[in-house]
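Using numbering that gives the first Met the number 0, the first residue of the sequence shown is number 0, and each one after it goes up by one. Scroll down for the structure; my scribbles are underneath it.
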Amino acid sequence: MKRANIFGLSQKERMLSRPSMVTAAHGGISAHQKTAPKSKAAQLGGVYKGYGLKRTADGDWYSSLDPSSWFETKAQAQKHIDWYLKNRSNPPKKSHVEKLIDMLPPIAAASFTKKQLAAAERRYKKQHGNPAKFDRCVKDVQRRGGAANAYAVCTAAGARKRNPAAGAEAAFEEFHGHPSEELVTVKKRVHHHKYLAGAGELRWLRVRSAVISGRVVRLQRFKGAILAFNEEKNQLFIEGGDQSVNLKDFGITEVHEVYTLGRILGIGYYTRKDHLGDEGGEALYEHEFRMTNRNSRHIVVKISRYPDLIYYERNQELVFSGGSYEIRAEGIDK
């Protein structure tokens with residue numbers, strides 16, 4: 000059976016190192032005890048730091064620590080024991096490529112030299128980007144949604160950055176069972192508000208979760224996000240600042256790109272209003288949706304609807320959806 004050469008090393012390169020210099024089929028270093036029983040061969044070669052030293056018929060040296068690793072001199076066998084004892088107490092941090100090699104059979108793993116490992120690690124970083132950045136991506140996805148397939152999400156995101164078409168082609172083939180035969184280009188018009196009217200600095204949102212019944216989440220710390228509205232005064236927007244959301248707060252664990260977080264119950268924004276007399280000025284203005292002011296009294300409007308809060312995970316963007324609110328000179332109503 001042939002195995003794919005996943006590290007891009009030729010057969011000639013892989014045969015440069017001696018398999019006998021690496022841990023092999025007798026269980027490896029971890030399978031041996033620190034103290035080895037004394038034997039006639041051990042007495043001939045001596046004992047070094049608790050491990051017996053022996054010699055083969057051809058004159059090569061090995062130790063009871065790892066009988067399958069042979070050395071030309073006794074000093075080299077002793078250095079091998081020193082190396083093991085040093086790394087056992089302070090094991091070196093393995094690279095991503097070394098971790099992959101650990102999963103290979105011992106014979107295949109034995110064929111890589113340090114120089115080849117370094118070259119393979121450089122190719123890995125070039126193909127997969129910054130490993131540390133990938134690890135942060137995985138943690139971030141798990142933190143936001145507790146995704147079981149966070150690794151797949153981050154791998155796909157990396158593939159899209161390197162080659163946007165490659166990720167789509169792979170997904171198509173997995174879904175249909177055959178490769179994609181054409182690339183369809185779709186053009187669509189997207190309306191973008193070049194100008195919006197600012198309502199104030201967004202301070203907080205109170206949202207009833209769409210997933211967990213009865214749970215109300217208060218979002219805040221928007222770091223300068225602006226609450227704005229369009230020229231028709233019938234749509235609220237959130238622009239700029241920090242709009243990131245911890246999806247776990249809403250009980251969301253599935254991985255998607257767009258989420259309905261829940262219904263917006265109330266909102267707070269900071270601004271200055273000069274036309275409201277004693278009720279105006281520079282202040283934090285708060286509004287409960289489905290509420291209106293009649294004769295200086297706050298009344299619940301039962302037939303009105305709460306707006307929904309939509310979250311775009313990739314853009315970390317919050318969007319108001321629907322609702323029966325109105326934007327008046329006095330402020331937000333209903």
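Note that CB positions come from ideal geometry on N, CA and C, so glycine has one too. It should be emphasised that the depicted structure is a prediction, and the values quoted were computed from it without experimental measurement.
Distance check between Lys78 and each of Glu278, Ala196, Tyr47, Glu312 places Tyr47 closest, using alpha-carbon atoms only.
One thing to note: Arg262 has its Cβ within 8 Å of the Cβ of Tyr305. In this structure Val257 is in contact with Ile309, their Cβ atoms being roughly 7 Å apart against a cut-off of 8 Å.
Close CB contacts of Ile266 within its chain, under the 6 Å cut and outside five residues either way in sequence, are with Leu204, His286 (chain order). The continuous beta strand (DSSP E) containing His286 extends over residues 280-287.
In this structure Tyr311 is exposed. Its beta-carbon is surrounded by fewer than 16 other beta-carbon atoms within 10 angstroms.
DSSP places Pro66 inside the beta strand (DSSP E), whose first and last residues are 65-70. Residue environment: Tyr284 is assigned as buried (16 or more neighbouring CB atoms within 10 Å of its CB, all protein chains considered). In the DSSP annotation of this structure, the continuous segment of the beta strand (DSSP E) that includes Leu201 starts and ends at 196-208.
Under the three-state reduction of DSSP output, Ala165 falls in the helix class. Only buried fits Asp65, as 16 or more other CB atoms lie within 10 angstroms of its CB.
Between Phe288 and Leu317, the CB-CB gap reaches or exceeds 8 Å. Per the Cβ contact rule, the stretch 227-240 is not in contact with the stretch 267-277 (fewer than 3 Cβ pairs under 8 Å). The residue among Arg207, Glu181, Met290, Ile251 with its C-alpha nearest the C-alpha of Ser303 is Met290. Rounded to the nearest angstrom, the gap between the Cα atoms of Leu235 and Asn245 is 22 Å. Gly197 is not a Cβ neighbour of Ile237, given a cutoff of 8 Å. For the set Lys85, Leu84, Gly250, the Cα lying nearest the Cα of Val206 is the one of Gly250. Of the candidates Glu278, Ala227, Glu329, Lys247, the residue whose Cα lies closest to the Cα of Leu195 is Ala227. In the structure shown, Phe319 falls within a strand segment according to DSSP collapsed to helix, strand and coil. The Cβ-Cβ distance between Asp248 and Phe221 does not fall below 8 Å. Tyr305 carries a coil assignment under DSSP once its states are collapsed to helix, strand and coil. A check of alpha carbon separations from Gly49 across Thr72, Val215, His191, Ile80 identifies Ile80 as the nearest. Gly51 carries a strand assignment under DSSP once its states are collapsed to helix, strand and coil. The C-beta of Val189 has fewer than 16 other C-beta atoms within 10 Å across all chains shown, which makes the residue exposed. For Leu235, the pairing in a beta bridge is given by DSSP as Phe228. Just measuring C-alpha positions, the residue of Lys73, Ser243, Glu200 sitting nearest Gly223 is Glu200.
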